[in-house]
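K.L.:
The structure's right below; bear with me while I get my questions together.
Numbering (my numbering), first residue to last: 315 to 501.
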């Protein structure tokens, strides 16, 4: 209840799960008795029942975005090597994910996006197996490394966090030392 932001989030996710791919051309829907018995029992399950219906490129973009967690710009997302083969589709994928209420624009910045709800981000993130999460974090860290020039104070701690989650001990130690050095110079 409290994690879902109250009943409205869960109810809206149930409605979206029920209607995912089921609306007729006139905006009406027929729900079978069988479908009603299969209602998701939690907000997380409702989110995952919708993401299971996504086309593969959209789901891949959503999973990588979930590993970015706090929000992202499309250019940052498109720079992740895991998305290289669908790089030209990233903008369209994000647009569809926004229309499905899985992502939303960050009000602070027009080119920045984030998940529509923390539970949505967590559900997608934890739906990946550990190897996928590690690979996603390693790919994100590599992409951020190329963008760190002149933005060390902002990006080094983030890169460190991604290398830790990727379970790359050598890179973690390297970035831990770099962040420590950066913090020493800031004081």
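Note that CB positions come from ideal geometry on N, CA and C, so glycine has one too.
Note that this is a predicted model, so its numbers are computed, not measured.
State the beta-bridge partners of residue 489 as determined by DSSP.
P.N.:
In the chain shown, the residue the question calls residue 489 occupies position 175. Residue pairing of residue 489 in beta bridges, as defined by DSSP: absent, with no partner found.
K.L.:
Assuming residue 437 and residue 362 make a contact with CB atoms under 8 Å, what is their CB distance in whole Å?
P.N.:
In the chain shown, the residue the question calls residue 437 occupies position 123. In the chain shown, the residue the question calls residue 362 occupies position 48. Confirmed, Cβ separation roughly 5 Å.
K.L.:
What's the C-alpha gap between residue 376 and residue 479?
P.N.:
Position 62 of the chain shown, counted from the first residue, corresponds to residue 376. Position 165 of the chain shown, counted from the first residue, corresponds to residue 479. One C-alpha to the other measures close to 18 Å.
K.L.:
Determine, using beta carbons only, whether residue 391 and residue 381 come nearer to each other than 8 Å.
P.N.:
Counted from its first residue, the chain shown places residue 391 at position 77. Counted from its first residue, the chain shown places residue 381 at position 67. It is not a contact, given that the beta carbons lie outside the stated cut-off.
K.L.:
Using the three-state DSSP reduction, which class does residue 367 fall into: helix, strand or coil?
P.N.:
Mapped onto the chain shown, residue 367 falls at position 53. Residue 367 falls in the coil class under three-state DSSP.
K.L.:
Between residue 461 and residue 474, is the Cβ-Cβ spacing less than 8 Å?
P.N.:
Along the chain shown, read from residue 1 onward, the residue named residue 461 stands at position 147. Along the chain shown, read from residue 1 onward, the residue named residue 474 stands at position 160. Against a cut-off of 8 Å, the Cβ pair of residue 474 and residue 461 comes out as no contact.
K.L.:
Helix, strand or coil for residue 358 per DSSP?
P.N.:
The residue given as residue 358 occupies position 44 in the chain shown. In this structure, residue 358 counts as helix in the three-state DSSP scheme.
K.L.:
What whole-angstrom Cβ distance do residue 450 and residue 396 have, given they're in contact under 8 Å?
P.N.:
Within the chain shown, the letter at position 136 stands for residue 450. Within the chain shown, the letter at position 82 stands for residue 396. Sure, about 7 Å apart at Cβ, within 8 Å.
K.L.:
Quick check on DSSP: helix, strand or coil for residue 426?
P.N.:
Working through the chain shown from its first residue, we reach residue 426 at position 112. In the structure shown, residue 426 sits in a strand (DSSP, three-state: E or B).
K.L.:
Taking C-alpha atoms, which residue in 385, 401 and 359 lies nearest to residue 374?
P.N.:
Position 60 of the chain shown holds residue 374. The residue among 385, 401 and 359 with its C-alpha nearest the C-alpha of residue 374 is 401.
K.L.:
In three-state DSSP terms, what is residue 414?
P.N.:
Counting from 1 along the chain shown, the entry for residue 414 is found at position 100. Residue state, collapsed to three classes: coil.
K.L.:
With a 10 Å radius around its C-beta and 16 neighbouring C-beta atoms as the bar for buried, classify residue 465 as buried or exposed.
P.N.:
Translated into positions along the chain shown, residue 465 becomes position 151. Looking at its Cβ environment, which holds fewer than 16 other Cβ atoms inside 10 Å, residue 465 is exposed.
K.L.:
Using a Cβ-Cβ cut-off of 6 Å (strictly less than) and excluding sequence neighbours within five positions of residue 492, which residues of its own chain qualify?
P.N.:
Here residue 492 refers to the residue found at position 178 of the chain shown. The residues 470, in chain order, have a CB closer than 6 Å to that of residue 492 in the same chain once the five nearest residues on each side in sequence are set aside.
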